[in-house]
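361 is the number that my numbering gives the last residue of the sequence shown; the numbers go up by one with no jumps.
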Amino acid sequence: MNIELVELRHIRISLLSPFETSFGVTTDRESIIVRVVADGVAGWGECVADAEPGYSYETVTTAWHILRDFLIPELLRAPLHDPRDTPARFGRVRGHNMAKATLEAALWDIAAQQAGQSLSQYLGGARERVPVGVSIGIQPSSEKLAETVRRYCAAGYRRIKIKIKPGRDLADARAARHAAADIPLMIDANSAYTLADAPLFEQMDELDLLMIEQPLNCDDIYEHHKLQQQLRTPICLDESIHSAADARFALEIGACRIINIKQGRVGGLTNAIAVHDVCRQAGAPVWCGGMLETGIGRALNVALASLPNFTLPGDLSASNRYYRLDLIDPPFELNPDSTLSVPAGPGLGVTVLQDRLDAVTLRRETFRR
Ligand code: OSB
Ligand code: MG
């Protein structure tokens, strides 16, 4: 691949409703959309870093800096044979996984198009529809939460995740359990607790949850092992896992039984596949996490989630769960069996709507070889 051009856009797009987690509230999603042209073929990528460093230390501003000053010059320096070579190519930049993943995403889109395949086919995907659920932010009250849970169940989502934070956690989990009745339910704490909260999670054990996602701090893999020993409910790690080595370590010491894979968090699709493979060998299921992506990032996630060990429903909801007007055509729609269809066209298999993208773009910078 001879990379000719890279274009960055800082975008801001309003969510249909605010999304609250233990680390903050998002009303407008800001991110970076990248377009790469190589050998005359254009590929797209979306950066999952947010405007604020609540989930990760990376932000739109740090990612822009790392992309502009280090990663893009490195990419334009010489041709690249395979998107799988990207992590090694970026090896001299420590961390900044979300910035790295952005460019790698566009390179995968290009490579799949050049091979005349959908990204899912190109990756060795095993299914045409991927099971999905919905991630519900913290609501104003437990009653409002129950109402929201019922609304999403009625819309056809057959796996519900609720966000929790210290305070109303147990009441919220109970209200959601009651509202979701016979639907698989899980909670996501986004690192808001410590081992001293083990008694709270022991009470959660009685709610028959599918899993408890990232209860403790992102650096606390060891502490998660202590908590997992005290619980029947599987722990799933999200923020703690930045590489295949992290995944292997966490599974070997029993810090979790499930891993949430986000390609942005682990530094791109190549590393995401490596995490998938480590988990598969260890007999641990994985699922595809989400970061409130637009359809551009979602199309990549859906292709990733078509790999064989993604046996649990992902945080990959329909376009209309997030945005009034998605940036792609066709938008993602929920199938009656609580799945999203994997796009079958070449590459990402979706068309980026230029006028909508222009309408949400705050700034833009182009780089040429
Ligand atoms: O922890 O999984 C998370 C969104 C932003 C940041 C972190 C998380 C989330 C979600 C939303 O849970 C998942 C989605 O995109 O639907
Ligand atoms: Mg999470």
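All residues carry an ideal CB built from backbone N, CA and C; glycine is no exception.
(request) Under 6 Å Cβ to Cβ from T262, same chain only, skipping five residues before and after it: list those, please. (result) R76, P79
(request) Label T13 either buried or exposed according to how many other C-beta atoms from any shown protein chain fall within 10 Å of its C-beta, with 16 as the threshold for buried. (result) buried
(message) Buried or exposed for R290, going by 16 or more other Cβ atoms inside 10 Å?
(response) With 16 or more other Cβ atoms within 10 Å, it is buried.
(message) Run through the DSSP bridge pairs and tell me what I5 is partnered with.
(response) R21
(request) Kindly indicate which three-state DSSP category Y185 falls into: helix, strand or coil? (result) strand
(message) Suppose contacts are defined by Cβ-Cβ distances below 8 Å. Is L199 in contact with G339 by that definition?
(response) no
(request) Could you spell out the range, first to last residue, of the alpha helix (DSSP H) harbouring M178? (result) Taken as a continuous stretch (DSSP letters only), M178 belongs to no alpha helix (DSSP H), being part of the beta strand (DSSP E) at 177 to 180.
(request) May I ask you to check if the CB of Y47 is nearer than 7 Å to at least one heavy atom of the ligand OSB? (result) yes
(request) Can you grab the Cα-Cα spacing for the pair M(-7) / A104, in whole Å? (result) 12 Å
(request) Kindly indicate which residue of K157, G246, T53 has the alpha-carbon position closest to the one of P207. (result) K157
(request) Could you spell out where the beta strand (DSSP E) holding K153 opens and where it closes? (result) 152 to 155
(message) D307 and G362 - do their beta-carbons sit closer together than 8 Å?
(response) Outside the shown range of the chain (-7 to 361) lies residue 362, about which nothing can therefore be said.
(message) Contact between the stretch 266 to 284 and the stretch 296 to 311 is defined here as three or more beta-carbon pairs at a separation below 8 Å; is this criterion met?
(response) yes
(message) Using the three-state DSSP reduction, which class does A104 fall into: helix, strand or coil?
(response) helix
(message) Just to confirm the assignment, what range does the beta strand (DSSP E) spanning L354 have?
(response) 353 to 360
(request) With a 10 Å radius around its C-beta and 16 neighbouring C-beta atoms as the bar for buried, classify P322 as buried or exposed. (result) exposed
(request) Verify whether the separation of the beta carbon atoms of S232 and A242 is less than 8 Å. (result) yes
(request) Along the alpha helix (DSSP H) that carries P65, what are the first and last residues, could you check? (result) 64 to 69
(message) What I want to know is whether the C-beta of E22 ends up closer than 7 Å to one or more non-hydrogen atoms of the ligand OSB.
(response) no
(message) For V40 and M90, which I take to be in contact (beta-carbon distance under 8 Å), what is that distance rounded to the nearest angstrom?
(response) The pair is a contact, with the Cβ atoms about 5 Å apart (cut-off 8 Å).
(message) Suppose you measure from the CA of A171 to the CA of I(-5); what does that come to, to the nearest Å?
(response) If you take the alpha carbons of A171 and I(-5), they lie about 51 Å apart.
(message) Which residue wins for smallest C-alpha separation from G282, given the options P71, N312, Q255?
(response) Closest in alpha carbon position to G282, among P71, N312, Q255, is Q255.
(message) Does the distance between the C-beta of Q255 and the nearest non-hydrogen atom of the ligand MG fall short of 7 Å?
(response) no
(message) Give me the residue from L345, S333, L332, L299 with the minimum Cα distance to I320.
(response) L345
(request) Just tell me which of A274, L115, Q222, A295 has its CA closest to the CA of E244. (result) A274
(request) Classify A91 as helix, strand or coil using the three-state DSSP reduction. (result) helix
(request) Give the straight-line distance between the Cα atoms of T140 and S127, rounded to the nearest whole angstrom. (result) 11 Å
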